[in-house]
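Undergrad: Quick one: the structure is below, questions incoming.
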Amino acid sequence: MLEITWFILWGVLWAVYFALDGYDLGMGTLMPFLAKDERDRRIMYNAAGPFWDGNQVWLITAGGVTFAAFPATYAALFSGLYTALMLLLFALILRGVSFEFRRKVDSERWRKVWDFCHVAGSFLPALLLGVAFANIFQGIPLNAQGINEGGLLDLLNPYGLLGGVLFVLMFSLHGSLWLGVKSEGPIADRAAAMAEKLWLALMVVVVLFLVMTAFATSLFDNYLNNPLLFVVLLLAVVGLVQARVFLGKRSMLMAWGASAVSIISVTLFGVIGLFPALLPSSLDPAYSMTIANSASSQLTLKIMLGVVLVFVPLVIAYQAWLHITFGHKITDADLEYEEAY
Amino acid sequence: MDVLLLSRLQFAFTTFVHFIFVPLTLGLSLLVAYMEFKWVRTGDEVYKRMAKFWGKLFLINFALGVVTGIALEFQFGTNWARYSAYVGDIFGSLLAIEATLAFFLESTFLAVWIFGWNRLSPKLHNASIWLVALAANLSAFWILMANGWMQNPTGFVLRGDRAELESFAALVTNPFAWQQFFHVLFSAYVLSGFFVLGISAWHLARGSNVDFFKRSFQIAAPFTLVFALALVVQGHHHGSTVAKYQPAKLAAMESHWDTMTQAPQYLFVIPDPANERNLVEILPVPGGLSMLAYHSFDAEVKGLRDFPEEDRPPVLLTFASFRTMVGLGFLFPALAAWVWIRRKNPESSPRLLRILPWVIPLPYMAIQLGWIVAEVGRQPWIVNGIMRTEDAVSAGISLGQVGFSLILFGLIYGLLVAVDVYLLMYHGRKGPKSSGGNKIAAAESESGFSARPEGASA
Chain S
6 MLEITWFILW GVLWAVYFAL DGYDLGMGTL MPFLAKDERD RRIMYNAAGP FWDGNQVWLI
66 TAGGVTFAAF PATYAALFSG LYTALMLLLF ALILRGVSFE FRRKVDSERW RKVWDFCHVA
126 GSFLPALLLG VAFANIFQGI PLNAQGINEG GLLDLLNPYG LLGGVLFVLM FSLHGSLWLG
186 VKSEGPIADR AAAMAEKLWL ALMVVVVLFL VMTAFATSLF DNYLNNPLLF VVLLLAVVGL
246 VQARVFLGKR SMLMAWGASA VSIISVTLFG VIGLFPALLP SSLDPAYSMT IANSASSQLT
306 LKIMLGVVLV FVPLVIAYQA WLHITFGHKI TDADLEYEEA Y
Chain D
462 MDVLLLSRLQ FAFTTFVHFI FVPLTLGLSL LVAYMEFKWV RTGDEVYKRM AKFWGKLFLI
522 NFALGVVTGI ALEFQFGTNW ARYSAYVGDI FGSLLAIEAT LAFFLESTFL AVWIFGWNRL
582 SPKLHNASIW LVALAANLSA FWILMANGWM QNPTGFVLRG DRAELESFAA LVTNPFAWQQ
642 FFHVLFSAYV LSGFFVLGIS AWHLARGSNV DFFKRSFQIA APFTLVFALA LVVQGHHHGS
702 TVAKYQPAKL AAMESHWDTM TQAPQYLFVI PDPANERNLV EILPVPGGLS MLAYHSFDAE
762 VKGLRDFPEE DRPPVLLTFA SFRTMVGLGF LFPALAAWVW IRRKNPESSP RLLRILPWVI
822 PLPYMAIQLG WIVAEVGRQP WIVNGIMRTE DAVSAGISLG QVGFSLILFG LIYGLLVAVD
882 VYLLMYHGRK GPKSSGGNKI AAAESESGFS ARPEGASA
């Protein structure tokens, strides 16, 4: 029971990470398309400014919890996807410092360098996380020792790549909606128009992804055995549709919320489909990393559960307060503010 | 060249770079919080400018500390998969607790602090930087509980193919880990103190913003002295815990070869590990080593020869790092005392002001050397007495993969360190912005660049 609780928490942590960091990664990806001048770029930086760091900690926590609750999975997953994860890491490093460094020296070239790092460092994580998770969904060639026998190029199969495209579109839509929340005037209009286009593309990819999921993975088995679970998938679709409805009314905050619901549901859809494996082996189901063969001891799970049940709601509370306190639209006065990016 | 060696190089390199950035954030966050507190209490704008100026230097470092920290967590899985699987039950949970308790708090409230100057009441705003300081230090606590466990494993039982947690209380009351925590904390405070003193001295010597930097100097002076003294006392106790729990490390730190009672402390030694002896040993203090390690002149100190060769740490590196670190450790209270004597009127001692900026790199060096002693001195074990480093490295990764990541780490981290030093020197020299007016806006209009829209053609 404890293990299953942890499996659910594991999925929820990844889902919350995607729903939060998703929007700032998405905004970074869209910067070349939505920012026409320096002021636009600064609006986009500042729309993520107070949030991106707190959002990214969810990744560290999701990783840390994988380590703590399912160490064998953590070991197999992180060493198995070595090169992909290193690329993700380098991208996140360069993006993280781009916020802090960009305005510290007054030079056009200096800013251009960090803008490039910012855009590449936002796009790559979205793509790589999508590729990684799609590959997890379909299984990687883990052998009996829990070692991935495939290479980096094996990850770039059609289903994996489609997962990458799915994540990039999902995050970009999420990011353009957040930019709509945080800005006004021409850039907000461009963000909304971009969101409409992205929504259409995303719908096509979602349908394609679900169809391919039926063929490339065994995620649907759990759903067919227990049709009630289809509610999660339904929620993902409802979230997406609602996002479009709110977008049409230019109710950006609601649209962003609906998009967050859909991202969380999409992630949970995959996680539920994986159960009871965390990392299936494509060679032989017996080699898969599962709850049973990778969970920590009962004592560790119990202590960690106590920690998480007390502190994660607290984190959610103060991060919600952060989003409310700094959820206002960015004005020229905010850009004049000396701490602004 | 093999995967093990490259992985060790990579971990050492990424830890070192991470630890260029982190110590400053531990102490400077407290000093900045205190400066802002003074502003809230007195309403004196100088303190607000101080919090902003030193806060800016803090932020440059903080961002780098965060991004390089993620790299460390990743590497346990990527390069040390067998270690992760073997001890994840214990070690992983400490890392996860750190993220949940401390890291969220730190990152979230730092954002509140950066962007909240005009949006929060001064008290609430000040509370946010106190939270950041608390969280930063709390974060260090959990990380050092994790590292302390690798030095002196407690509260576990070996079961099947892994170490399992048996007592969480034993894990967090690990005496070794607590000593190490205070050692790192105090040294980080000393570093932060000399950082503020050094930059302040640089400006005072040039007569720029005298009032501002004199007050900064006066805040840092007692802070530095207290922790420099505490560090010496605590460092001695830390040495005793090393003697108790890691006798092989102690022997390597002292290049002590033969087990003996009343072991002398030589003031000058040249080790000769190849022949299992010292080439030169002069100026002995009789019974000194026994006394320092076990608080008794008659205590027996185990020598390296009594450990099987495959269980001995590298002697030369551990010894030289330890000696240099201790030498620096004695220099700091002396310098801090000089600072303390001159604190009322630092301008009256041009020599002190000239020296202090050059002192800034020294605590950085001492801290890095301390890590060498802690980590190299623990070899060949990754978890002392339980698991060897060679058994910890990932089985499924290739030389090419690790080589590729190591080269990229080298390039990217090299760039980051260069930018960090450049920015700290640039903004440290520039000094605080004058009260009133927006310096960034002014600088922009001077350079012909405007933050405001200039029409679609911009």
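Chains S and D are the protein sequences, given in the same order.
Residues are numbered in my numbering as their position in the first sequence, beginning at 1, plus a constant of 5.
Residues are numbered in my numbering as their position in the second sequence, beginning at 1, plus a constant of 461.
Cβ atoms here follow ideal geometry from the backbone N, Cα and C, with glycine treated the same way.
Decide if the stretch 858 to 868 of chain D is in contact with the stretch 560 to 578 of chain D; the criterion is three or more beta carbon pairs, one per stretch, under 8 Å apart.
TA: The answer is no - the stretch 560 to 578 of chain D does not touch the stretch 858 to 868 of chain D, with fewer than three Cβ pairs under 8 Å.
Undergrad: Identify, in the order they occur along the chain, each residue of the same chain with its Cβ nearer than 6 Å to the Cβ of residue 793 (chain D), setting aside the five sequence neighbours on each side.
TA: Within the same chain, residue 793 (chain D) has close Cβ partners 651 and 689.
Undergrad: What's the C-alpha gap between residue 898 (chain D) and residue 835 (chain D)?
TA: Its pLDDT being 41, under 50, residue 898 (chain D) is placed unreliably in this model, and the value from its coordinates should be taken loosely. Using only the alpha carbons, I get a separation of about 49 Å.
Undergrad: With a Cβ-Cβ cutoff of 8 Å, do residue 837 (chain D) and residue 614 (chain D) count as a contact?
TA: Not closer than 8 Å, so no.
Undergrad: With burial defined as no fewer than 16 other Cβ atoms inside 10 Å of the residue's Cβ, what is the status of residue 344 (chain S): buried or exposed?
TA: Buried is the call here.
Undergrad: CB-CB under 7 Å to residue 664 (chain D), same chain, minus the five flanking residues each way: which ones, in chain order?
TA: 670, 674 and 892.
Undergrad: According to the neighbour-count rule (16 or more other Cβ atoms, all chains shown, within 10 Å of its Cβ), is residue 756 (chain D) buried or exposed?
TA: The residue is exposed, with fewer than 16 neighbouring Cβ atoms inside 10 Å.
Undergrad: Taking C-beta pairs closer than 7 Å, name the residues in chain S that residue 550 (chain D) reaches, listed in chain order.
TA: Those within 7 Å of residue 550 (chain D) in chain S are 76, 301, 302 and 305.
Undergrad: Is there at least one Cβ from chain S nearer than 8 Å to residue 504 (chain D)'s Cβ?
TA: With 8 Å as the cut-off, residue 504 (chain D) does not count as an interface residue toward chain S.
Undergrad: With a 10 Å radius around its C-beta and 16 neighbouring C-beta atoms as the bar for buried, classify residue 743 (chain D) as buried or exposed.
TA: Looking at its Cβ environment, which holds fewer than 16 other Cβ atoms inside 10 Å, residue 743 (chain D) is exposed.
Undergrad: According to the neighbour-count rule (16 or more other Cβ atoms, all chains shown, within 10 Å of its Cβ), is residue 282 (chain S) buried or exposed?
TA: When all chains shown are included, residue 282 (chain S) counts as buried.
Undergrad: Using the C-alpha atoms, what's the distance from residue 474 (chain D) back to residue 464 (chain D)?
TA: Near 15 Å, if we compare the C-alpha coordinates of residue 474 (chain D) and residue 464 (chain D).
Undergrad: Just the Cα atoms here: how many angstroms apart are residue 238 (chain S) and residue 341 (chain S)?
TA: The straight-line gap from Cα to Cα measures roughly 44 Å.
Undergrad: Should residue 897 (chain D) be flagged as near chain S, meaning a C-beta pair shorter than 8 Å?
TA: Caution applies to residue 897 (chain D), whose pLDDT of 45 falls short of 50 and renders its modelled position unreliable; the model cannot decide the point.
Undergrad: Note down, in chain order, each residue of its chain lying with its Cβ closer than 7 Å to the Cβ of residue 185 (chain S), except the 5 sequence neighbours on either side.
TA: Cβ neighbours of residue 185 (chain S) beyond the five flanking positions: 193, 196, 197, 200 and 257.
Undergrad: Using C-beta distances below 6 Å, list every residue in its chain close to residue 13 (chain S), excluding the 5 sequence neighbours before and after it, in chain order.
TA: Correct list: empty, nothing qualifies.
Undergrad: Would you kindly report the start and end of the unbroken alpha helix (DSSP H) that includes residue 567 (chain D)?
TA: Here the alpha helix (DSSP H) through residue 567 (chain D) covers 565 to 576.
Undergrad: Between the C-alpha atoms of residue 106 (chain S) and residue 118 (chain S), what's the straight-line distance to the nearest angstrom?
TA: C-alpha separation (whole angstroms): 10 Å.
Undergrad: For the stretch 782 to 798 of chain D against the stretch 616 to 630 of chain D, are there 3 or more C-beta pairs whose distance is under 8 Å?
TA: No, because fewer than three Cβ pairs between the stretch 782 to 798 of chain D and the stretch 616 to 630 of chain D fall closer than 8 Å, the two stretches do not touch.
Undergrad: Which residues, in order along the stretch 715 to 743 of chain D, keep a beta-carbon less than 9 Å from a beta-carbon of chain S?
TA: Here the close residues number zero.
Undergrad: Taking residue 153 (chain S) as the query, report the chain D residues whose CB atoms sit under 7 Å from its CB, ordered along the chain.
TA: What residue 153 (chain S) touches in chain D: 857.
Undergrad: Quick check on the burial criterion: 16 or more other C-beta atoms within 10 angstroms. Buried or exposed for residue 859 (chain D)?
TA: With fewer than 16 other Cβ atoms within 10 Å, it is exposed.
Undergrad: Ignoring anything shorter than 4 residues, give me the alpha helix (DSSP H) runs that lie fully in the stretch 582 to 615 of chain D, in order along the chain.
TA: The stretch 582 to 615 of chain D contains these whole alpha helix (DSSP H) runs: 583 to 612.
Undergrad: Output, in sequence order along the chain, the residues in the stretch 303 to 328 of chain S whose CB is closer than 7 Å to any CB in chain D.
TA: The stretch 303 to 328 of chain S vs chain D, Cβ under 7 Å: 304, 305, 308, 309, 312, 313, 316, 317, 320, 323, 324 and 327.
Undergrad: Output yes if chain D places a C-beta closer than 8 Å to the C-beta of residue 130 (chain S); else output no.
TA: Not an interface residue.
Undergrad: Name the chain S residues whose beta carbon is nearer than 7 Å to that of residue 862 (chain D)?
TA: Within chain S, the residues near residue 862 (chain D) are 87 and 88.
Undergrad: Cβ atoms of residue 272 (chain S) and residue 15 (chain S): under 8 Å apart, would you say?
TA: Result no, Cβ atoms of residue 15 (chain S) and residue 272 (chain S) do not sit closer than 8 Å.
Undergrad: Apply the 10 Å Cβ neighbour rule to residue 517 (chain D) and answer buried if 16 or more other Cβ atoms are within range, or exposed otherwise.
TA: With 16 or more other Cβ atoms within 10 Å, it is buried.
Undergrad: At the 8 Å Cβ level, is residue 481 (chain D) part of the contact set with chain S, yes or no?
TA: Taking Cβ atoms only, chain S never reaches closer than 8 Å to residue 481 (chain D), which makes this a no.
Undergrad: With DSSP as the reference, label residue 848 (chain D) as helix, strand or coil.
TA: Residue 848 (chain D) falls in the strand class under three-state DSSP.
Undergrad: How far does the beta strand (DSSP E) with residue 743 (chain D) in it extend, from its first residue to its last?
TA: Residues 738 to 746.
Undergrad: When we look at the beta-carbon of residue 50 (chain S) and count the other beta-carbons within 10 Å, is it buried (16 or more) or exposed?
TA: Buried, since its Cβ has 16 or more Cβ neighbours within 10 Å.
Undergrad: In its own chain, which residues sit with a C-beta less than 7 Å from the C-beta of residue 501 (chain D), not counting the 5 before and 5 after it?
TA: 583, 584 and 587.
Undergrad: Of the choices D:642, D:528, D:505 and D:566, whose alpha-carbon is the least far from that of residue 316 (chain S)?
TA: Taking only the C-alpha atoms, the option nearest residue 316 (chain S) is D:566.
Undergrad: To the nearest angstrom, report how far apart residue 208 (chain S) and residue 172 (chain S) are at their CA atoms.
TA: In a straight line, the C-alpha of residue 208 (chain S) is about 12 Å away from that of residue 172 (chain S).
Undergrad: Hey, is residue 515 (chain D)'s beta-carbon within less than 8 Å of any beta-carbon in chain S?
TA: It does not; no Cβ of chain S falls within 8 Å.
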